[in-house]
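**Q** According to the working numbering, the sequence shown is numbered sequentially starting from 14. Below you'll find the structure I mean.
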Amino acid sequence: MRSYGQYCSIARALDVVGDRWSLLIVRELLLQGPCRFTDLKNGLPGVAANLLSTRLKELEAAGLVTREDAPPPVATGLYSLSETGLALEPVLKALGLWGLRFMTEERPDDAFQAQWLAYAPAWFTTDTDPDGPPAVIQLVASDELAVIELRSGRIHTRLGRATDPDLVLDGPPRAVLGLLSGVIDLERAGRLGLSVHGRRELLTRLRPVAQDRAPTRHERRP
């Protein structure tokens with residue numbers, strides 16, 4: 014494994030997870046849980062099979078990933094995060110929150126998957142009315158489906174379709190995720206193609222975590 018050769022914790026961390034695809038492999042294992050090789054490849058559009066195999070071996074050698082042979086009928090290797098790998102979750106959350114400022118542009122060739130639609134509300138929003146009644150929000154973006162469930166002051170997300178949602182947000186990923194993460198407002202999301210059906214007031218319960226952070230030096234205005 015290549016090294017920066019520096020006695021610095023940041024450099025040492027990048028020695029382990031700084032290569033291309035490494036942190037995204039960790040992301041997928043956080044979101045999906047134990048995965049077969051094919052599950053990981055499907056969750057990482059654009060990665061070559063030989064490169065994914067190399068990265069998995071490197072992460073396993075570094076103690077971030079474990080591999081176990083699953084019993085029949087699966088009968089294949091399952092990759093999971095070790096305790097050291099799981100400890101990267103707050104790092105990925107912080108990195109994702111920081112990266113929201115770069116989400117204003119949706120490129121035509123950007124891949125998009127349901128699990129990315131599901132994790133964003135859980136990681137990047139809070140419930141402003143923790144004592145409020147339970148509510149269900151259906152998300153639809155590029156034919157990918159996810160559900161937000163508000164209950165007991167917590168935000169739960171899952172893939173799939175809700176039986177009887179209180180609110181439905183349907184539109185391109187840039188509009189759906191942009192609105193939920195606070196990158197854009199409802200008016201702009203509508204111009205981007207977002208349709209909203211049901212109890213719009215539920216949107217006020219979802220406060221983007223990005224709104225709670227202090228602006229950076231470059232974001233402050235004189």
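Note that CB positions come from ideal geometry on N, CA and C, so glycine has one too.
Which full runs of the alpha helix (DSSP H) of 4+ residues lie inside the segment 159 to 213, going along the chain?
**A** 186 to 194, 199 to 204
**Q** Since I believe Gln128 is in contact with Gln45 (beta carbons under 8 Å), could you give me their beta-carbon distance rounded to a whole number of angstroms?
**A** What you label residue 45 is simply residue 32 of the sequence shown in a count that begins at 1. What you label residue 128 is simply residue 115 of the sequence shown in a count that begins at 1. That pair is a contact at about 6 Å.
**Q** What would DSSP say about Glu81, mapped onto helix, strand or coil?
**A** Reading the sequence shown from its first residue, position 68 is the one you call residue 81. Glu81: strand per DSSP, three-state reduction.
**Q** When you measure from the CB of Leu101 to every non-hydrogen atom of the ligand PLP, does any distance come out below 7 Å?
**A** Annotation note on the ligand PLP: not contained in the displayed structure, which lists no ligands.
**Q** Can at least three beta-carbon pairs, one atom from the segment 104 to 113 and one from the segment 169 to 187, be found at a separation below 8 Å?
**A** Judged by Cβ distances under 8 Å, the segment 104 to 113 makes no contact with the segment 169 to 187, as fewer than three pairs qualify.
**Q** According to the neighbour-count rule (16 or more other Cβ atoms, all chains shown, within 10 Å of its Cβ), is Cys48 buried or exposed?
**A** To locate residue 48, count along the sequence shown from 1; it is residue 35. It counts as buried.
**Q** Measuring alpha carbon to alpha carbon, tell me which of Leu193, Trp34, Ser165 ends up nearest Arg213.
**A** On the sequence shown, position 200 is the one that residue 213 refers to. Nearest of Leu193, Trp34, Ser165 to Arg213, Cα basis: Leu193.
**Q** Cutting at 6 Å between CB atoms, please list the residues of its own chain near Thr79, excluding the five before and the five after it.
**A** Sequence index remark: in the sequence shown, residue 79 carries index 66 (1-based). The answer, listed in chain order, is Ser93, Ser95.
**Q** Where Asp28 and Arg204 are concerned, what is the direct C-alpha to C-alpha distance, given to the nearest angstrom?
**A** In the sequence shown, the residue the question calls residue 28 occupies position 15. In the sequence shown, the residue the question calls residue 204 occupies position 191. Computed Cα separation, rounded: 43 Å.
**Q** Can you grab the Cα-Cα spacing for the pair Glu200 / Leu130, in whole Å?
**A** The sequence position of residue 200 within the sequence shown is 187, counting from 1. The sequence position of residue 130 within the sequence shown is 117, counting from 1. If I take the Cα positions, the gap works out to 21 Å.
**Q** From Gly191 to Pro85, what does the alpha carbon distance come to, in whole angstroms?
**A** By one-based count along the sequence shown, residue 191 stands at place 178. By one-based count along the sequence shown, residue 85 stands at place 72. Answer to the nearest angstrom: the Cα atoms are 42 Å apart.
**Q** Can you name the start and end residues of the alpha helix (DSSP H) that Leu53 belongs to?
**A** Walking along the sequence shown from the start, residue 53 turns up at place 40. First-last of the alpha helix (DSSP H) with Leu53: 50 to 56.
**Q** How far does the alpha helix (DSSP H) with Gln126 in it reach, from first residue to last?
**A** On the sequence shown, residue 126 is found 113 positions in, with the first residue counted as 1. Neither: Gln126 is in no alpha helix (DSSP H) and is coded neither H nor E.
**Q** So the candidates are Thr170, Leu163, Gly173, Ala124; which of them puts its Cα closest to the Cα of Thr217?
**A** On the sequence shown, position 204 is the one that residue 217 refers to. It is Leu163.
**Q** Here's the rule: buried if 16 or more other CB atoms are within 10 angstroms of the residue's CB, otherwise exposed. What is Thr67?
**A** As a position in the sequence shown, residue 67 is number 54, starting the count at 1. Exposed, because fewer than 16 other Cβ atoms sit within 10 Å of the Cβ of Thr67.
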